[in-house]
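K.L.:
Numbering-wise (our numbering), the sequence shown opens with residue 301 and increments by one.
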Amino acid sequence: MGLFNDLAMGWRYARGLKPFLSDKRSDSDPTATIRAELATRDERFLSTMHAGIFAYPRSPYLPLLQRAGIDEQHLAALVQQLGIQATLRQLYDAGVYLTLDEFKGRAPIVRSGLELPVKASDFDSPLNKGQLHGVTGGSRTRGTRITLDLEDFEGEIPMYRLWLQANDALALPQTYWRPAMPSTSTLKYALIAARTGIRVDRWYTQTRPGPRQP
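#1: Under a three-way DSSP split, which group does Val418 fall into?
#2: DSSP on Gln474, reduced to helix/strand/coil?
#3: Could you have a look at Tyr356 and say whether DSSP puts it in helix, strand or coil?
#4: Within 10 angstroms of its Cβ, does Tyr361 collect 16 or more other Cβ (buried), or is it exposed?
#5: Since Leu462 and Pro319 are thought to touch, with beta carbons under 8 Å apart, how far apart are those beta carbons, to the nearest angstrom?
#6: Taking Cβ positions only, does Asn428 come closer than 7 Å to chain D?
#7: Using the three-state DSSP reduction, which class does Val500 fall into: helix, strand or coil?
#8: Starting from the C-beta of Trp503, find all residues in its chain whose C-beta is less than 6 Å away, skip the five residues before and the five after it, and write them out in chain order.
#9: Looking at C-beta atoms only, is the number of pairs between the segment 382–393 and the segment 449–461 that lie closer than 8 Å three or more?
#10: Tell me where the alpha helix (DSSP H) around Arg367 begins and ends.
#11: Provide the residue(s) that pair with Ile409 in DSSP beta bridges, ordered along the chain.
#12: What residue from Ile492, Val410, Ile353 and Arg495 has the CA that sits closest to Pro426's CA?
#13: Once the 5 residues before and after Leu464 are set aside, which same chain residues still bring their CB inside 6 Å of it?
#14: Could you tell me which of Asp323, Ala314, Leu321 and Ile334 sits nearest to Met459, measuring between CA atoms?
#15: Give the C-beta separation of Pro479 and Asp501 to the nearest angstrom, bearing in mind that I take them to be a contact with Cβ-Cβ under 8 Å.
#16: Once the 5 residues before and after Lys419 are set aside, which same chain residues still bring their CB inside 8 Å of it?
#17: Taking a contact to mean a Cβ-Cβ separation below 7 Å, would you say Val396 touches Ala368 in this structure?
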């Protein structure tokens, strides 16, 4: 089953790579793209919460929200009245948050009246196409294996291009100081560079190439 899943993931990645690299809609005017995203931030947040949590019974976030007495309608009202940042603060104060150990599946989610055993894969997003695996940085541990798709990188492209423009660096070759593959951050920036046409001349790494087990 592991080999089949890896082969299926490789097929999804190969199928999605060409459209990702050829789609330049968010690249031509990064400022306009970011402004448009900010203008629809509340709606996109609520849409993600619906599809990724409220309509996904297996979500470990759902018991936290239910414990806090917050359903989808209540959440939408909070966002409309308070905005996203104040809503997130209210959710945190109500116990809707995760510690690092909980998120990595090293400890159960424990709140007053709730104890929920979890593993790291429980937090995989149902919205994720599962096109590739990555490994978190692992500066203190071996890192955690996570599932990604190419759309995860889409939102960072306008910000990356805007940063390059602000530093007059769009036409300059790049040098990377990043962990070796399969580091998630390295894979992300390599694909973003390919998408934006940035030339990477040198790549220095502080870790050994090759697979790492979480």
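Don't be surprised by glycine CBs; every beta carbon is placed ideally from N, CA and C.
P.N.:
So, from the listed chains and residues:
#1: DSSP places Val418 outside both helix and strand once states are collapsed to three, so it counts as coil.
#2: In the displayed model, Gln474 falls within a strand according to three-state DSSP.
#3: Tyr356 sits in coil when the DSSP states are folded into three classes, being neither helix nor strand.
#4: By the 16-neighbour rule on beta-carbons within 10 angstroms, Tyr361 is buried.
#5: Taking a contact as a CB-CB distance under 8 Å, the pair Leu462 and Pro319 does not count as one, their CB atoms being some 23 Å apart.
#6: You won't find chain D in this structure, because it holds only one protein chain.
#7: Three-state DSSP puts Val500 in a strand.
#8: Cβ neighbours of Trp503 beyond the five flanking positions: Tyr476.
#9: Touching, no, given that fewer than three Cβ pairs across the two stretches are closer than 8 Å.
#10: Start and end: Tyr361 to Arg367.
#11: DSSP output for Ile409 lists Leu416 as bridge partner(s).
#12: Taking only the C-alpha atoms, the option nearest Pro426 is Ile353.
#13: Around Leu464: Leu470.
#14: Ranking Asp323, Ala314, Leu321 and Ile334 by Cα distance to Met459 puts Ile334 first.
#15: The beta-carbon distance between Pro479 and Asp501, rounded to whole angstroms, is 19 Å. This is too long to meet the 8 Å contact definition.
#16: Scanning its chain for C-beta atoms nearer than 8 Å, with the 5 sequence neighbours on each side dropped, one finds around Lys419 the residues Gly405, in chain order.
#17: Contact: yes.
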